[in-house]
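**Q**
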Amino acid sequence: GAGVSQSPSNKVTEKGKDVELRCDPISGHTALYWYRQSLGQGLEFLIYFQGNSAPDKSGLPSDRFSAERTGGSVSTLTIQRTQQEDSAVYLCASSLRPYEQYFGPGTRLTVT
Amino acid sequence: AQTVTQSQPEMSVQEAETVTLSCTYDTSESDYYLFWYKQPPSRQMILVIRQEAYKQQNATENRFSVNFQKAAKSFSLKISDSQLGDAAMYFCAYTLSDDMRFGAGTRLTVKP
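Structure below.
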């Protein structure tokens, strides 16, 4: 079946612009996660959605970052007033069971 | 806070040989899950192997096996009969139930 998909694959934006990154989870998966991976680094947890519960936003680095999940499926990560330090690969994962996450291919964001 | 440490930024192995990647973690919990993920240049995070902390038996998946030492909080990955396709970044990860904590990764090179 289809895996987790993310769009766009690559995004180049100017400093100060807003960007939206999209994640389509595996159908039926109730949990959705966003991670940030800076160059040569591990994954940094950003936000977690589980069903209809309020999201766990504890990993968001600043109030410029926000995310929503519509209808319990597609999620959008929004970064406002982008900064150069926001340049990274943003990975999305979904899961049915809490300990088995399936990842998308990521979006590489470059802020110039 | 749970932390995951991978002390080997880079490792190299000859094709058909065996290599072991190290991982240690810090937690006060007794029930949790540990993972090894592989990330090739395509950026896709691929689950290699999973270990439930309550299981004493080490997990095995074909050429991949782990050495799980709960008391020492150590979780190493052994790759037997290394293949060129094993070349990638390998991340060790820990989860209690929801968010997942990752190590900084080990870059594995496989020499023909």
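So the protein lines, in turn, are chains V and W. Numbered according to my numbering, the first sequence spans residues 936 to 1047. Numbered according to my numbering, the second sequence spans residues 35 to 146. Don't be surprised by glycine CBs; every beta carbon is placed ideally from N, CA and C.
Using CA coordinates, which residue listed in W:Phe109, W:Asn101, W:Met45 is at the minimum distance from lysine 145 of chain W?
**A** Closest option to lysine 145 of chain W, Cα to Cα, is W:Met45.
**Q** Would you mind sorting arginine 971 of chain V into buried or exposed? The rule is 16 or more other CB atoms within 10 Å of its CB.
**A** buried
**Q** From W:Glu95, W:Leu142, W:Arg141, pick the residue whose C-alpha is nearest to that of phenylalanine 69 of chain W; which is it?
**A** For phenylalanine 69 of chain W, the nearest C-alpha among the options comes from W:Glu95.
**Q** So, using beta-carbon positions, are alanine 937 of chain V and tryptophan 969 of chain V closer together than 8 Å?
**A** No.
**Q** Helix, strand or coil for threonine 1017 of chain V per DSSP?
**A** Coil.
**Q** Please say whether serine 1029 of chain V and histidine 964 of chain V have beta carbons closer to each other than 8 Å?
**A** yes
**Q** Roughly how many angstroms separate the alpha carbons of glutamine 117 of chain W and cysteine 57 of chain W, rounded to a whole number?
**A** 21 Å
**Q** Please state if the CB of serine 110 of chain W and the CB of threonine 54 of chain W are separated by a distance shorter than 8 Å.
**A** yes
**Q** Which stretch, first to last residue, makes up the beta strand (DSSP E) that contains isoleucine 961 of chain V?
**A** Unbroken run through isoleucine 961 of chain V: none, as it is neither H nor E.
**Q** Given that a residue counts as buried once 16 or more other Cβ atoms are within 10 Å of its Cβ, and exposed if not, what is proline 75 of chain W?
**A** exposed
**Q** What's the C-alpha gap between valine 1024 of chain V and serine 1008 of chain V?
**A** 21 Å
**Q** Below 8 Å on C-beta distance, what does proline 1040 of chain V contact in chain W?
**A** Within chain W, the residues Ser76, Arg77, Gln78 have their CB atoms less than 8 Å from the CB of proline 1040 of chain V, given in chain order.
**Q** Looking only at its chain, what residues have a beta carbon closer than 8 Å to the beta carbon of serine 99 of chain W, apart from the 5 residues adjacent to it on each side?
**A** Ile83, Asn92, Ala93, Leu111, Lys112, Ser114
**Q** Along chain W, in chain order, which residues have C-beta atoms closer than 8 Å to that of tyrosine 1025 of chain V?
**A** Correct list: empty, because the minimum Cβ distance to chain W is about 10 Å.
**Q** Assuming arginine 957 of chain V and serine 942 of chain V are in contact, meaning their beta carbons sit under 8 Å apart, how far apart are those beta carbons, in whole angstroms?
**A** 5 Å
**Q** Output the distance between the C-alpha atoms of glutamate 51 of chain W and glycine 137 of chain W, rounded to the nearest integer angstrom.
**A** Glutamate 51 of chain W and glycine 137 of chain W have their alpha carbons spaced roughly 25 Å apart.
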